[in-house]
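First comes the structure, then the notes that go with it.
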Amino acid sequence: MKYSILMTSCLVVHVISKNLQHSVSTRPRDLLSVASEAVVDVISESTRPSSSLIFFTDGSTSSSALCQTVTSMNAAWGLSVFQFRDEDWKAHGNQTGFVEAIGLARKVRLSSHAVSVSVIVISEDLTFLTSFAERSLKGRLFVWTTRLLLVTRLALSDLRKVLSTRWTFSMMNTVALNVEENGRSSLYTHLPYSPEGAQIYKLGSWSRQFRLFLRSSFEIFPEKYDNFHGGYVNITSGVWAPFWDEKEVMAADGSKVKEYSGSDFMALDTIAKALNFRIRQVPTKDFVEVTQRVEERVSFIASIYYVVLVNRLERHDFTYTYQFSYESFCLSKPGLRPQWESLYYPLAHQVWAGTMTVLVIVPVVFVVIAHLRSRWDNVRTLDFCKLSLEVFKTFVGQNLTQSAFKTTSPVF
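Each residue of the sequence shown is one higher than the one before, starting from 624 at the first, in the numbering used here.
This is how it looks when you write it as structure tokens:
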């Protein structure tokens, strides 16, 4: 691999370039020669003042067209170019050069954390575009603030397919500039959430006569996730009280549904109401699966408290970090004072009611029995007070001698 260096007006940036043999094109002019002015207009219209540009080409782009394009752009914070030979991206299973270039581009993006980064991919080969989508996703080249412009020349059916089936193109901040046969170019983007569902949307067009024309109030790089239009969003979470809890309840139609609660669910529910989406939980069995489903793009959100650790930085990009700040009230420990209510509080009202019922009813029953016995056996009727005392002693477990109505004092 040979390296070359390009200098911009403000910053010297290493530009990694593959020393390639240009593939012979059947078209009279290569893609960038036709689309150079359109690319410059689109980037000039959409790029922020503080920006860095990264180019990827498949080797079919002429050096003169590439030089003309990059010198017409205002890359205040630097410009990088990655150009490949055919064997670098057509090799099945061995794309070391592609992986290396993605890694270097990611370092450029990370070093430009204070500025916006725009990536421009120039190719009319579906295999190259597919390989770039897969490798950039695995190499974590993009975050949402990174803008991706695809410059291509495909049939509309092929363009729709590649934009809708590849995560990098469909879900990230991506716009496609498709060069047409009549010399015009059209801008397309994939909207995963819209009133009509997922769709390919035409943003506008470009021509030499009218230059850049946008057909709606959308920006060139529209915000895809400020309104989900009531769509379902897959999320993963585990049952970790008090952050997330769930229980089964009976619905109005008699079916069992899960009801969620906890601080994480309340925060996610607030976000769902603000962005107009519905929550659909993906079943997981442990913490590993919660994050794994997000990495596999099965889940969109993992509502968990995820601490930034060194080993996690090797697998995840952290755009924003935050910490919980808890508010609490502090009071001195109250002292215990003796109160007569302490004799009453340990037992519930039902227990006291049952106790009083026993102490009243049982002596009455005994008196009635003794009265009937005295009539039959001519025995003296027992004293009601003494009988009540014996019942109370038996109730509290003090009449253990089983002596009949022995006059003893209770021991508490």
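For glycine and all other residues, C-beta sits at the position ideal for the given N, C-alpha and C.
Bear in mind the structure is a predicted one, so any value in this text is a computation, not a measurement.
- DSSP three-state call for S646: helix, strand or coil? Within the sequence shown, the letter at position 23 stands for residue 646. Low local confidence applies: a pLDDT of 38 at S646 is under 50, so the model's placement there is unreliable, with the coordinate-based value given in what follows. S646: coil per DSSP, three-state reduction.
- Message: Going by DSSP, what residue range makes up the beta strand (DSSP E) through F679?
- Response: On the sequence shown, position 56 is the one that residue 679 refers to. Segment 674–680, the beta strand (DSSP E) holding F679.
- Query: In three-state terms, what does DSSP make of F900?
  - Reply: For the purposes of this step, residue 900 is taken as the residue at position 277 of the sequence shown. Reduced to three states, the DSSP call for F900 is strand.
- Would DSSP call H960 helix, strand or coil? Looking up residue 960 in the sequence shown gives position 337. The question names His, but residue 960 in the sequence shown is Arg. Taken through DSSP and simplified to helix, strand or coil, R960 comes out as coil.
- Whole angstroms is fine: what's the gap from F679's alpha carbon to V880's? Counting from one through the sequence shown, the residue named residue 679 turns up at place 56. Counting from one through the sequence shown, the residue named residue 880 turns up at place 257. When only Cα atoms are considered, F679 and V880 end up about 50 Å apart.
- Message: What does the Cβ neighbour count give for R935, buried or exposed, with the cut at 16 atoms within 10 Å?
- Response: Position 312 of the sequence shown holds residue 935. Around the beta carbon of R935, fewer than 16 other beta carbons lie within 10 angstroms, which makes this residue exposed.
- Message: Whole angstroms are fine: how far does the CA of Y816 sit from the CA of S640?
- Response: Walking along the sequence shown from the start, residue 640 turns up at place 17. Walking along the sequence shown from the start, residue 816 turns up at place 193. The pLDDT assigned to S640 is 39, lower than 50, so where the model puts this residue is not dependable, and the model offers no usable value.
- Which residue spans inside the stretch 732–790 form an unbroken alpha helix (DSSP H) run of at least 4? Segments of the alpha helix (DSSP H) lying fully in the stretch 732–790: 749–761, 779–788.
- Comparing alpha-carbon positions, which option in V931, Y928, Q904, L932 lies nearest V921? The sequence position of residue 921 within the sequence shown is 298, counting from 1. Ranking V931, Y928, Q904, L932 by Cα distance to V921 puts Q904 first.
- Message: Among the candidates M979, V657, V933, C1008, whose CA atom is the shortest distance from the CA of G806?
- Response: Residue numbering aside, residue 806 sits at position 183 when the sequence shown is read from its first letter. Put simply, of M979, V657, V933, C1008 the residue whose alpha carbon is nearest the alpha carbon of G806 is V657.
- Whole-angstrom distance between W767 and H939, CA atom to CA atom: For the purposes of this step, residue 939 is identified with residue 316 of the sequence shown, where counting begins at 1. For the purposes of this step, residue 767 is identified with residue 144 of the sequence shown, where counting begins at 1. A direct Cα-to-Cα measurement between H939 and W767 gives close to 14 Å.
- Message: Can you check which of these residues, S878, S860, T859, E882, is closest to K870 by C-alpha distance?
- Response: Residue numbering aside, residue 870 sits at position 247 when the sequence shown is read from its first letter. Of the candidates S878, S860, T859, E882, E882 places its Cα closest to the Cα of K870.
- What are the complete beta strand (DSSP E) segments, minimum 3 residues, inside the stretch 800–865? 808–814, 822–830, 834–837, 854–859, all fully within the stretch 800–865.
- Task: Identify which residue in G820, S828, E819 has its Cα closest to the Cα of Y811.
- Result: Position 188 of the sequence shown holds residue 811. Of the candidates G820, S828, E819, the one whose C-alpha sits nearest the C-alpha of Y811 is S828.
- Give every residue of the same chain whose Cβ lies closer than 6 Å to the Cβ of I725, excluding the five residues on either side of it in the sequence, and list them in chain order. In the sequence shown, the residue the question calls residue 725 occupies position 102. Cβ neighbours of I725 beyond the five flanking positions: R758, S759, G762, L764.
- Item | Segment contact, 8 Å Cβ cut-off, at least three pairs: the stretch 830–840 with the stretch 660–677 | Yes: the two stretches touch, three or more of their Cβ pairs being nearer than 8 Å.
- Query: With DSSP run on the structure shown, which of helix, strand or coil describes A976?
  - Reply: Here residue 976 refers to the residue found at position 353 of the sequence shown. Annotated three-state conformation of A976 is helix, per DSSP.
- In three-state terms, what does DSSP make of K908? Residue numbering aside, residue 908 sits at position 285 when the sequence shown is read from its first letter. DSSP places K908 in the coil class of the three-state scheme, outside both helix and strand.
- Look up S793 in the DSSP assignment and say whether it is helix, strand or coil. Counting from one through the sequence shown, the residue named residue 793 turns up at place 170. In the three-state DSSP reduction, S793 falls in the helix class (H, G or I).
- Message: Looking at L782: is its Cβ nearer than 9 Å to the Cβ of I843?
- Response: Counting from 1 along the sequence shown, the entry for residue 782 is found at position 159. Counting from 1 along the sequence shown, the entry for residue 843 is found at position 220. Their beta carbons are not under 9 Å apart, which means L782 does not touch I843 by this criterion.
- Query: If you draw a straight line from the alpha carbon of V985 to that of L1012, how long is it in whole angstroms?
  - Reply: Your numbering for residue 985 matches position 362 in the sequence shown. Your numbering for residue 1012 matches position 389 in the sequence shown. Spanning the alpha carbons of V985 and L1012 requires a straight line of approximately 11 Å.
- Item | Own chain, CB closer than 6 Å to R789, minus 5 neighbours either side, in chain order | Taking the first residue of the sequence shown as position 1, residue 789 is located at position 166. Beyond the five residues adjoining it in sequence on each side, R789 comes within less than 6 Å, by CB distance, of A756 in the same chain, given in chain order.
- Beta-bridge partners of L702, as assigned by DSSP: As a working mapping, residue 702 is identified with position 79 in the sequence shown. The secondary-structure analysis by DSSP pairs L702 across a beta bridge with L676.
- Item | Same chain only: Cβ atoms within 7 Å of S780, ignoring 5 sequence neighbours per side | The residue given as residue 780 occupies position 157 in the sequence shown. Cβ neighbours of S780 beyond the five flanking positions: none.
- Item | Same chain only: Cβ atoms within 6 Å of Y855, ignoring 5 sequence neighbours per side | As a first step, residue 855 is located in the sequence shown; it is residue number 232 there, counting from the start. Cβ-Cβ distances below 6 Å link Y855 to R901, R903 in the same chain, with the five nearest sequence neighbours on each side left out; the list follows chain order.
- Item | Assumed close pair N801, S809 - CB separation to whole angstroms, cut-off 8 Å | What you label residue 801 is simply residue 178 of the sequence shown in a count that begins at 1. What you label residue 809 is simply residue 186 of the sequence shown in a count that begins at 1. The pair is a contact, with the Cβ atoms about 5 Å apart (cut-off 8 Å).
- Message: Helix, strand or coil for P651? Go by DSSP, reduced to three states.
- Response: Here residue 651 refers to the residue found at position 28 of the sequence shown. With a pLDDT of only 46 at P651, under 50, the local geometry of the prediction cannot be trusted, and the value read off the model is given with reservation. Reduced to three states, the DSSP call for P651 is coil.
- Task: Could you please give me the residues that DSSP links to D868 through a beta bridge?
- Result: By one-based count along the sequence shown, residue 868 stands at place 245. Answer is S884, bridged to D868.
- Message: Which same chain residues end up closer than 6 Å to S860 when comparing Cβ atoms and leaving out the 5 residues on each side of it in sequence?
- Response: Reading the sequence shown from its first residue, position 237 is the one you call residue 860. Counting only Cβ-Cβ distances below 6 Å, and skipping sequence neighbours, we find W867, S926.
- Would T775 pass as a contact of L654 if the rule is Cβ separation under 9 Å? Translated into positions along the sequence shown, residue 775 becomes position 152. Translated into positions along the sequence shown, residue 654 becomes position 31. Yes, the pair counts as a contact, with Cβ atoms nearer than the cut-off.
- Query: Excluding sequence positions up to five away, which residues of its chain have a Cβ less than 8 Å from the Cβ of I858?
  - Reply: Working through the sequence shown from its first residue, we reach residue 858 at position 235. Correct list, in chain order: L891, I902, R903, Q904, V905, S922, F923, I924, A925, S926.
- Message: Which residue wins for smallest C-alpha separation from V740, given the options Y945, V731, G958?
- Response: For the purposes of this step, residue 740 is identified with residue 117 of the sequence shown, where counting begins at 1. Nearest C-alpha to V740 among Y945, V731, G958: V731.
- Query: By the 10 Å Cβ neighbour count, where 16 or more other Cβ atoms means buried, how is T980 classified, buried or exposed?
  - Reply: Your numbering for residue 980 matches position 357 in the sequence shown. Counting the other Cβ atoms within 10 Å of the Cβ of T980 gives fewer than 16, which makes it exposed.
- Drop a sphere of 10 angstroms on the beta-carbon of A688, count the other beta-carbons inside from all chains shown, and report buried for 16 or more, exposed for fewer. As a first step, residue 688 is located in the sequence shown; it is residue number 65 there, counting from the start. It counts as buried.
- Could one say the Cβ of V856 lies closer than 9 Å to chain D's Cβ atoms, at least one of them? Absent from the structure is chain D; it holds one protein chain and no more.
- Task: State buried or exposed for S793, treating a residue as buried only when at least 16 other CB atoms are found within 10 Å of its CB.
- Result: Within the sequence shown, the letter at position 170 stands for residue 793. S793 counts as buried, since at least 16 other C-beta atoms from the protein chains shown sit within 10 angstroms of its C-beta.
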